[in-house]
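Here UniProt numbering is used: position 80 in the sequence shown is 80, and no number is missing along the way.
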Amino acid sequence: MEEKNSFLKEKIDLKSPNKNIVPITTSIGSDGILSVGGCSIEELVKKYDSPLYILDEITLRKSCKAYKEALEKHYPGKSLPIYASKANSSIFMSNLISSEGFGLDAVSEGELLTALQGGVPNEKIVFHGNNKSDKEIEFAVINNIKVIVDNDYDLERLEKLSNSFNRDLEIMIRFTPGIECHTHEYIRTGSFDSKFGFGIEYLSTLFARISNTKHLKLKGLHAHIGSQIFELDPHNDLGEIMVDVILEAKKFGHVINKLNVGGGLGIKYTENDDPPSIEDWVKTISNSVVKSCKKHNIDLPLLMCEPGRSIVSTAGITIYKIGAFKKIPGVRTYLSVDGGMSDNPRPITYQSNYSACLVSNPFNKDSKNKYTIAGKHCESGDVLFKEIELADCKTGDLICVFGTGAYNNSMSSNYNRIPRPAALLVCNGEAEIIQKRESPSDLLKYDVLPDRFIKQN
Numbered sequence: 001m002e003e004k005n006s007f008l009k010e011k012i013d014l015k016s017p018n019k020n021i022v023p024i025t026t027s028i029g030s031d032g033i034l035s036v037g038g039c040s041i042e043e044l045v046k047k048y049d050s051p052l053y054i055l056d057e058i059t060l061r062k063s064c065k066a067y068k069e070a071l072e073k074h075y076p077g078k079s080l081p082i083y084a085s086k087a088n089s090s091i092f093m094s095n096l097i098s099s100e101g102f103g104l105d106a107v108s109e110g111e112l113l114t115a116l117q118g119g120v121p122n123e124k125i126v127f128h129g130n131n132k133s134d135k136e137i138e139f140a141v142i143n144n145i146k147v148i149v150d151n152d153y154d155l156e157r158l159e160k161l162s163n164s165f166n167r168d169l170e171i172m173i174r175f176t177p178g179i180e181c182h183t184h185e186y187i188r189t190g191s192f193d194s195k196f197g198f199g200i201e202y203l204s205t206l207f208a209r210i211s212n213t214k215h216l217k218l219k220g221l222h223a224h225i226g227s228q229i230f231e232l233d234p235h236n237d238l239g240e241i242m243v244d245v246i247l248e249a250k251k252f253g254h255v256i257n258k259l260n261v262g263g264g265l266g267i268k269y270t271e272n273d274d275p276p277s278i279e280d281w282v283k284t285i286s287n288s289v290v291k292s293c294k295k296h297n298i299d300l301p302l303l304m305c306e307p308g309r310s311i312v313s314t315a316g317i318t319i320y321k322i323g324a325f326k327k328i329p330g331v332r333t334y335l336s337v338d339g340g341m342s343d344n345p346r347p348i349t350y351q352s353n354y355s356a357c358l359v360s361n362p363f364n365k366d367s368k369n370k371y372t373i374a375g376k377h378c379e380s381g382d383v384l385f386k387e388i389e390l391a392d393c394k395t396g397d398l399i400c401v402f403g404t405g406a407y408n409n410s411m412s413s414n415y416n417r418i419p420r421p422a423a424l425l426v427c428n429g430e431a432e433i434i435q436k437r438e439s440p441s442d443l444l445k446y447d448v449l450p451d452r453f454i455k456q457n
């Protein structure tokens, strides 16, 4: 019998999980059934139903440790990796990354509150966003959370707030370094034409303006050049550009002692993907900053980076149950599952590709068929896979989609009033709920019928 899905046979990279398609603990038992974290996926679905998000704790912790160890090895100054919580925000994730010595980056009061509830120390949290509300900024300031200034609007309100409190506020600014990366245009954030950050050409004016404020103390710079990046050269360039900006800020009396280089390291979603290792990424940016600081004889700043996808994506899988089949002779066969764009909007939004297999036949033994895997939502574009090769399968069989730890749960919705899936953490044969499954009645909690309609009825 011919076996396929060679990614299931590849040697697992324990040092850099982002170079694997599957979680580190993925295994196939003597019965041919797929397991992760020592747990049978079939048994998990029997107990917790589907669709089902599953996170592997060992892969998560290995990813965190890879960043910590690489920074300690390649950056002689102080460093702080910060988890980009937009990738997967929860009390559990906040708690786990904090236990690994990470900080956290948030972009809303909800993410800030989640981080604090999860135990992330205030001083290790940074607050991003291109349109922060007054309430969000005040929440951050009151809780001693560092605000990254994205635009003049941020600056104006922080100045007023610091004056009203009559106390100094330490700030960082975000700027666009003008580096282009070969990535999807919707997630390219470092070019001159971006909704994020100050243009690099405006920085001298900005530094002069901050110098004239009473309580704002500029101590850090932030730049981010994109997501799912497979190139190292842009990050080598980024370090040099950021050090040059430190020198420019110094002309206006600002002593910059923190550099936040963002994140963006890619992961392996399919066999065609070949991202750099976590260590190579960290080494590149570290060497660039160190070299530039030595060149200009300035002290090494605290080096911060913001990995998100490369921390959590490979650790996550999503399990679906097969329902209806529709064969269009000479065209394609549709295979429908019990989830789709509400639990994974990335295929319809970014045309993103993933890897998948049958839980009961992971190697696709004797596969003869190609299927288009469709979600259950009322949208023609709700398609998770186009023409994926699978062995013969039937209604009730389970499909495992890999690499779904990032931007699946966090971007999920209730489109068509479909409840969000449950999420599990697996480790050493134990499974624990980290997010309860929503019920249809949960979706009605915030609906309100106006009084006059009630009276009419």
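Glycine included, each C-beta is placed from N, C-alpha and C at the ideal position.
For clarity, every value in this text was computed on a predicted model and none was experimentally measured.
Residue i classed as buried or exposed, judged by whether at least 16 other C-beta atoms fall within 10 angstroms
i, result
"Phe453", "exposed"
"Ala208", "exposed"
"His254", "buried"
"Gly316", "buried"
"Pro347", "buried"
"Val245", "buried"
"Ile278", "buried"
"Asp105", "buried"
"Pro81", "buried"
"His296", "exposed"
"Ser89", "buried"
"Asn272", "exposed"
"Ser94", "buried"
Straight-line Cα distance separating residue j from residue i
i, j, result
"Leu424", "Ser40", "13 angstroms"
"Ile58", "Gly101", "16 angstroms"
"Ile97", "Gly429", "22 angstroms"
"Ser441", "Leu247", "58 angstroms"
"Pro345", "Asn416", "13 angstroms"
"Val448", "Glu438", "19 angstroms"
"Ser313", "Phe198", "30 angstroms"
"Leu398", "Ser227", "31 angstroms"
"Asp382", "Ile179", "33 angstroms"
"Lys376", "Gly339", "6 angstroms"
"Gly29", "Val141", "52 angstroms"
"Asp168", "Asn144", "11 angstroms"
"Ile267", "Leu44", "26 angstroms"
"residue 486", "Lys321", "For residue 486 there is no data in the structure shown, the boundaries of the chain being 1 and 457."
"Glu156", "Asp134", "11 angstroms"
"His235", "Pro17", "20 angstroms"
"Gly239", "Ala431", "42 angstroms"
"Val337", "Leu390", "14 angstroms"
"Lys436", "Val290", "46 angstroms"
"Lys62", "Gly32", "27 angstroms"
"Ser27", "Ser194", "43 angstroms"
"Gly118", "Asn166", "30 angstroms"
Proximity of residue i and residue j at Cβ, strictly below 8 angstroms
i, j, result
"Gly323", "Thr404", "no"
"Val126", "Lys146", "yes"
"Asn287", "His74", "yes"
"Lys124", "Asp154", "no"
"Ile229", "Ser342", "no"
"Tyr354", "Tyr407", "no"
"Leu358", "Cys393", "yes"
"Leu265", "Ser310", "yes"
"Phe92", "Ile434", "yes"
"Ala87", "Ser410", "yes"
"Phe385", "Val22", "no"
"Leu161", "Glu138", "yes"
"Cys427", "Ala356", "no"
Neighbourhood of residue i by C-beta distance below 6 angstroms, restricted to the same chain and skipping five residues each side
i, result
"Lys249", "In the sequence as displayed, the identity of residue 249 is Ala instead of Lys. Once the five neighbours on either side are set aside, the close Cβ partners of Ala249 are Phe207, Ile256."
"Thr25", "Val36, Gly37, Asp56, Ile58"
"Thr333", "Lys327, Tyr371"
"Asp451", "none"
"Met172", "Ile148, Gly220, His222"
"Ile210", "Leu216, Leu218"
"Asp274", "none"
"Met1", "The predicted model places Met1 with a pLDDT of 44, which falls under 50 and marks its position as unreliable; any figure quoted below should be read in that light. Once the five neighbours on either side are set aside, the close Cβ partners of Met1 are Lys365, Asp366."
"Lys78", "Leu302"
Contacting residues, own chain, Cβ-Cβ under 8 angstroms from residue i (five flanking each side not counted)
i, result
"Phe196", "Asn130, Asp150, Arg174, Thr176, Thr189, His224"
"Lys455", "none"
"Glu136", "Ser108, Glu109, Leu112, Phe127, Gly129"
Beta-carbon proximity list for residue i, same chain, < 7 angstroms, skipping 5 on both sides
i, result
"Ala84", "Asp105, Gly263, Glu306, Pro307, Gly308"
"Leu203", "Phe175, Val245, Glu248"
"Ala70", "Ile278, Glu279, Val282, Lys283"
"Ser292", "Gly239, Glu240, Val243"
Proximity test, residue i beta-carbon vs the ligand PLP heavy atom, cut-off 7 angstroms
i, result
"Asp233", "The ligand PLP is absent from the structure shown, which contains no ligands of any kind."
Original post:
Does the stretch 41 to 51 come within contact of the stretch 413 to 433, defined as at least 3 CB pairs closer than 8 angstroms?
Top reply: Under the 8 angstroms Cβ criterion, the stretch 41 to 51 counts as touching the stretch 413 to 433, having at least three qualifying pairs.
**OP:** Taking 8 angstroms as the threshold, find out whether the stretch 276 to 283 comes into contact with the stretch 363 to 380 through three or more Cβ pairs.
**Re:** The stretch 276 to 283 makes no contact with the stretch 363 to 380: fewer than 3 CB pairs, one atom from each, lie closer than 8 angstroms.
Original post:
Counting Cβ pairs closer than 8 angstroms, one from the stretch 288 to 300 and one from the stretch 11 to 22, do we hit at least three?
Top reply: No: fewer than three Cβ pairs fall under 8 angstroms.
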